[in-house]
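Here numbering that gives the first Met the number 0 is used: position 52 in the sequence shown is 51, and no number is missing along the way. Ideal placement from N, C-alpha and C gives every residue a C-beta, glycine not left out.
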Amino acid sequence: MKHKLVPISNIRNFDNKTMELRSKQFYEDIKQRRTVRDFAEKSVSKSIINNCILSAGTAPSGANMQPWHFAISGRSDIRKTIRENAEKEEKEFYERKASREWLKALEPLGTNYSKPFLETAPYLICIFVKNYGLLTDGSRVKHYYATESVGIATGILITALHNAGLATLTHTPSPMKFLNKIFKRPDNERPFLLLVTGFADKGAKIPDIEKFPLEKISTTI
Ligand code: IYR
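In C-alpha cells, the structure reads:
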C-alpha cells in the first residue's frame with residue numbers, strides 16, 4: 000500500500016551567511032568528540048539517554064524499516080556480567096585470534112583485554128541490527144541495507160550523546176552473540192556494537208591522534 004503524501008512543513012530557509020556559520024559551529028563542536036576509555040562513576044539521567052535514542056531513531060533506513068534496536072542498561076549487575084563476558088572474548092582475541100597485523104594496528108592505542116570501563120560507565124547501550132522483521136504471526140519481513148541503516152543511526156546516536164555533553168566508547172567485543180542473551184533480544188537481531196556512555200573521568204587520558212585534513216578525505220570533480 001502506498002503512503003499518503005503530505006506537504007513538507009519543515010523546509011529550512013537559512014541565508015548563506017547563517018549556513019556558513021552553522022556549518023562551522025557544528026564542525027567546531029563535533030571535532031571535540033573523543034573516544035574515551037576512562038569514565039567517571041557519575042550517573043546520567045535516563046531521560047537524556049532516551050532523547051538521544053529518539054534522535055538516533057530519526058535516521059534514514061532502507062524502505063523505512065528502521066532495522067535497529069537500542070538495548071540499554073544502567074544496572075551494575077548487568078554491566079558486571081557484560082564485562083566478564085566481553086573480557087573472556089577479548090582475552091581470546093588478544094592472545095589467540097587477532098592477526099599480528101591487527102595487533103600492530105592496535106599497538107599505538109594501547110588497548111588490551113581489560114575492560115574496566117564496562118563497569119564504571121553509568122550506561123551501556125547495545126545497538127542491535129534486525130536482519131529481518133517479524134510480524135505478529137511469525138512471518139518474516141525482509142530488511143534492506145540493514146547494516147548501513149544501523150551504522151547511520153549509530154552515528155547520529157554518538158553525535159547526539161556528544162551534543163548532550165556525554166562521552167562514548169564504541170566497543171566491539173568479538174564475537175558479541177552473548178549480548179543477545181544478556182539483553183534478552185530475539186534471534187533475528189545481531190549485536191552491532193556496544194556504546195559505553197557516561198562522563199569522561201577527570202584524569203582520563205586520550206591518545207594524541209589527529210583526523211585527516213579535507214584534501215585527504217575528499218575530492219571534488
Ligand atoms: N575489540 C578489541 C579490539 C579493538 C579493535 C579495534 I579495530 C579498535 O579500534 C580498538 C580495539 C578491544 O576493544 O580491545
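- With fewer than three CB-CB distances shorter than 8 Å, the region 85-95 does not count as touching the region 128-148.
- Using a 10 angstroms sphere on the CB of residue 193, the tally of other CB atoms reaches 16 or more, which defines it as buried.
- For residue 115, the CB stays at least 7 Å from every heavy atom of the ligand IYR.
- Counting only runs of at least 3 residues, the region 85-143 fully encloses the following beta strand (DSSP E) elements, listed from N- to C-terminal order: 122-129, 131-133 and 139-141.
- Relative to residue 118, the option among 84, 0, 153 and 69 whose CA is nearest is 84.
- Between the alpha carbons of residue 161 and residue 150 lies a gap of roughly 17 Å.
- Distance from the CA of residue 72 to the CA of residue 40, rounded to the nearest whole angstrom, comes to 15 Å.
- Nearest in C-alpha terms to residue 201, of all of 65, 16 and 38, is 38.
- Residue side-chain check: residue 173 places its Cβ nearer than 7 Å to a non-hydrogen atom of the ligand IYR.
- With a cut-off of 7 Å, the C-beta of residue 211 is classified as distant from the ligand IYR, since no heavy atom of the ligand falls inside that distance.
- Scanning its chain for C-beta atoms nearer than 6 Å, with the 5 sequence neighbours on each side dropped, one finds around residue 143 the residues 61 and 62, in chain order.
- As a beta-bridge residue in DSSP terms, residue 169 pairs with 194.
- For residue 129 against residue 112, the beta-carbon gap comes to about 30 Å, at or over 8 Å, which does not count as contact.
- Counting along the chain, residue 161 sits inside the alpha helix (DSSP H) bounded by residues 145-163.
- Just measuring C-alpha positions, the residue of 70, 209 and 80 sitting nearest residue 188 is 70.
- Cβ-Cβ separation between residue 114 and residue 82: approximately 6 Å, consistent with a contact (criterion under 8 Å).
- Inter-residue distance for residue 214 and residue 147 is about 25 Å (C-alpha atoms, whole angstroms).
- In this structure, the straight-line span from the alpha carbon of residue 19 to that of residue 176 is close to 44 Å.
- A residue is called buried when at least 16 other Cβ atoms come within 10 angstroms of its Cβ; residue 212 does not meet this threshold and is exposed.
- Annotation for residue 108: 206 place their beta carbon closer than 8 Å to its own, counting only its chain and skipping 5 residues before and after.
- With a beta-carbon spacing of about 20 Å, residue 155 and residue 44 fall beyond the 8 Å limit used to define contacts.
- Counting along the chain, the unbroken beta strand (DSSP E) around residue 69 starts and ends at 67-72.
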